[in-house]
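Below: one structure, written as C-alpha cells.
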Amino acid sequence: MAHVVVLGAGIGGVSAALEMKDALGKDHRVTVVSNLADFQFTPSNPWVAVNWRKPEQVSVPLAPVFEKKKIDFIPVAAQKVHPAENRLELVDGRFLEYDYLILATGPHLAFDEVPGLGPEAGNTVSVCTLKHALLASKAYEEFCKNPGPVIIGAAPGVSCFGPAYEFAVILETDLRRRKIRDQVPITYITPEPYVGHLGLGGVGDTKGMLESALRERHIKWIANAKITEVRPDLVKCTELTDEGAVKREHEVPYKYAMIMPAFKGIGAVMGVEHLVNPRGFVLIDKKQRNPTYRNVFAVGVGVAIPPVEVTPVPTGVPKTGYMIESMVTATVRNIKSLIEGGEATEEGTWNAVCLADFGDRGVAFVAQPQIPPRNINWASEGRWVHVAKIAFEKYFLRKVRKGQSEPLFERYSMKLIGIVRLREKK
1 MAHVVVLGAG IGGVSAALEM KDALGKDHRV TVVSNLADFQ FTPSNPWVAV
51 NWRKPEQVSV PLAPVFEKKK IDFIPVAAQK VHPAENRLEL VDGRFLEYDY
101 LILATGPHLA FDEVPGLGPE AGNTVSVCTL KHALLASKAY EEFCKNPGPV
151 IIGAAPGVSC FGPAYEFAVI LETDLRRRKI RDQVPITYIT PEPYVGHLGL
201 GGVGDTKGML ESALRERHIK WIANAKITEV RPDLVKCTEL TDEGAVKREH
251 EVPYKYAMIM PAFKGIGAVM GVEHLVNPRG FVLIDKKQRN PTYRNVFAVG
301 VGVAIPPVEV TPVPTGVPKT GYMIESMVTA TVRNIKSLIE GGEATEEGTW
351 NAVCLADFGD RGVAFVAQPQ IPPRNINWAS EGRWVHVAKI AFEKYFLRKV
401 RKGQSEPLFE RYSMKLIGIV RLREKK
C-alpha cells in the first residue's frame, strides 16, 4: 500500500487529495495535512472584505468531506519537510511517513519586506486569507462612517495582481452603492511597469482595458512604483522610469489601504536544500516533480516559476485556478503511474486563464502558453465575466462539499471563453 501525503488544503491541495483518492482507490492511503480545518475559497475574499459574502458562504469544514471519501485528515500545521527521510514533521511533534508527497501549501505572506505593511504588525488590510478579509471588512465598515482617501495596490515582488485590481473596483462599486463615492479619492499603486501587465507582460489588451476600467471610475494610478514604507496615514513609494532610474518620489495619504504583499515559501520548506529556491518556492520539472527528490511533487502558488520578463520593479508570475487544476491533474496521473510501475509522463498545461470581477462587470484573459510568444493572447470584458466568476465560486464550493474530483473548471472554462470569442468575432 502506497501512502500519498498532501500538504495544504486550498484549491490545489483539496483538488489533489480528491483526485488522488479517486485515482488510487481503497488499496492506497491518502492523507491531507493542513493548518486549517476548513477549505476557504480564496478568490471570494475581495467580496468578503466589502461584506458581500459571509465566511460560512465561502468555506467548507473538511473533516466530514474527507471522512466520506476515506481520506485521512490531520488539521495540524507542518513544522518541516524532511524529503531525504521521506517524512513530514508536524508542529505537535509527530512525524508522518510518506511514499509520495504533494506540496500544495500556498504562500507565506511577506508583509515584513515593506515596513508598516500588513494587518497584524502593520497599517494596511489584506484580502489574501479569509481571516485577513474579515479584518478588512471590519475596518471598511468603520472607514465608511468617516470616509477619506483610499490606496489599493501591490508591493514589490507581487505575483498575484488580480485581487488588487478586483478589490480596487469592487470597493469603488460598493462606495457608489453606499452613495459616499464622492468622498473617497482612490489611488492604485503597482510595481507593474504599466497597468494591465499582470506579471505576464500583458495579455491581449489588458493594458487598455484595465486603464479604461480605472479611468472611468476615477481611480488614479502610479505604475512602475516601489512601495518603500507604509505609515499610519501615508504610503511612500518611488516611481521609476522604464530604465529603472528614479522618476519621482510620492507620499500618498490614506485612511484605508489594501496592499498585496510579495509571496515566499512557507517555513516548513524554507531552506531545504535542492527542494526550494532562495525564496522558498518548490523546484519542479515539467512533470510537477522535484528534480532531486523524485517522490515529491508540487502544485499551486508555492511552485517556482521564473518571471516572464525582467521589470524595473520586481514582479512575479501569477498562478490561476485553471493552471492549478492542470498541475493537479498531471501530478495525480504521474503518481498513479509511478505506483503502478510506470513513468511520470504527464505535463500540466500551465495556461493562464483569469476572471477578474469588478462587482458588476469584469475582465477575462487567456494566455496560452503563459510565457510569450503565445498561441492565444486574448482579453475581453463585460458583465458575463462577473457572472462567470460567481459560477466558478459556486462550482468549486459545491465540488468540495460533495467531495467531487473531476476538474470541470479546467475542462469547461476554455469552452466558455471560446463561445465568447466567437460572439466577439460576429
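Using UniProt numbering, the first residue of the sequence shown is number 1, and each one after it goes up by one.
In this text, a Cβ means the ideal position worked out from N, Cα and C, and glycines have one as well.
Note that the coordinates shown come from a computational prediction; the quantities given were computed from them, not determined experimentally.
Residue i vs residue j beta-carbon contact at 8 Å
i: Asn-45; j: Val-127; result: yes
i: Tyr-188; j: Ile-152; result: yes
i: Trp-378; j: Phe-365; result: yes
i: Arg-279; j: Lys-264; result: yes
i: Val-32; j: Ala-9; result: yes
i: Val-65; j: Gly-321; result: no
i: residue 428; j: Glu-325; result: Lying before the first or after the last residue shown, residue 428 is absent from the chain, which here runs from 1 to 426.
i: Gly-116; j: Val-301; result: no
i: Val-317; j: Gly-196; result: no
i: Val-30; j: Leu-36; result: no
i: Leu-88; j: Val-4; result: no
i: Met-260; j: Pro-163; result: yes
i: Glu-249; j: Thr-238; result: yes
i: Val-269; j: Val-303; result: no
i: Ala-155; j: Val-114; result: yes
i: Leu-397; j: Phe-73; result: no
i: Asn-295; j: Tyr-100; result: yes
i: Ser-405; j: Asp-22; result: yes
i: Glu-381; j: Gly-362; result: yes
i: Ser-137; j: Pro-75; result: no
i: Ala-356; j: Tyr-165; result: yes
i: Lys-69; j: Leu-7; result: no
i: Asn-123; j: Pro-232; result: yes
i: Pro-314; j: Pro-191; result: yes
i: Ala-104; j: Leu-90; result: no
i: Gln-284; j: Asn-277; result: The sequence shown places Ile at residue 284, rather than the Gln named in the question. For Ile-284 and Asn-277, no; Cβs fall outside 8 Å.
i: Ala-257; j: Val-150; result: yes
i: Met-327; j: Gly-359; result: no
i: Val-203; j: Ala-2; result: no
i: Pro-245; j: Lys-287; result: Residue 245 is actually Ala in this sequence, not Pro. Not closer than 8 Å, so no.
Whole-number beta carbon distance between residue j and residue i, since they are thought to touch under 8 Å
i: Ile-102; j: Thr-292; result: Actually they are not in contact, since the Cβ atoms of Ile-102 and Thr-292 sit about 16 Å apart, beyond 8 Å.
i: Pro-83; j: Leu-275; result: 6 Å
i: Val-299; j: Gly-12; result: 4 Å
i: Gly-267; j: His-108; result: 7 Å
i: Asn-351; j: Pro-373; result: Going by Cβ atoms, the distance from Asn-351 to Pro-373 rounds to 14 Å, so no, they are not a contact pair.
i: Leu-240; j: Pro-312; result: 4 Å
i: Glu-172; j: Arg-215; result: Not a contact, Cβ separation roughly 12 Å.
i: Gly-201; j: Val-308; result: 5 Å
i: Ala-262; j: Ala-110; result: 5 Å
heavy atom of the ligand GDP below 7 Å from residue i C-beta
i: Ala-304; result: Annotation note on the ligand GDP: not contained in the displayed structure, which lists no ligands.
Sheet register partners of residue i (DSSP bridge)
i: Thr-238; result: Lys-226 and Glu-249
i: Gln-368; result: Ile-376
i: Leu-171; result: DSSP, once it has assigned bridges, lists no residue as partnering Leu-171.
i: Leu-7; result: Val-33 and Leu-103
i: Glu-393; result: In DSSP, Glu-393 forms no bridge with anything.
i: Gly-362; result: Asp-357
i: Gln-40; result: Ser-59
i: Met-270; result: Paired residue(s): none; Met-270 is not in a bridge.
i: Ile-259; result: Gly-153
i: Thr-190; result: Thr-190 pairs with nothing; no bridge assigned.
i: Lys-264; result: His-108
Residue-level contact to chain D via CB, residue i, 8 Å cutoff
i: Tyr-395; result: The structure shown contains no chain D, having only a single protein chain.
- Could you tell me which uninterrupted alpha helix (DSSP H) segments, each at least 4 residues in length, are contained entirely in the stretch 196-229, listed from first to last along the chain? 206-216
- Completely contained alpha helix (DSSP H) runs for the stretch 273-359, where each covers 4 or more residues: 321-339
- Could you name each continuous alpha helix (DSSP H) segment of 4 residues or more that falls completely within the stretch 88-154, going from the start of the chain to the end? 130-145
- Tell me the start and end of each unbroken alpha helix (DSSP H) in the stretch 44-86 that is at least 4 residues and wholly inside, in chain order. 45-49 and 62-68
- Check whether the stretch 43-57 touches the stretch 131-142, taking contact to mean three or more Cβ pairs, one atom from each stretch, closer than 8 Å. yes
- Message: Could you check whether the stretch 173-189 touches the stretch 205-223, counting it as contact only if at least three pairs of C-beta atoms, one from each stretch, sit closer than 8 Å?
- Response: yes
- Message: Whether or not the stretch 56-64 and the stretch 175-183 are in contact is what I'm after, with contact meaning three or more pairs of Cβ atoms, one per stretch, closer than 8 Å; do they touch?
- Response: no
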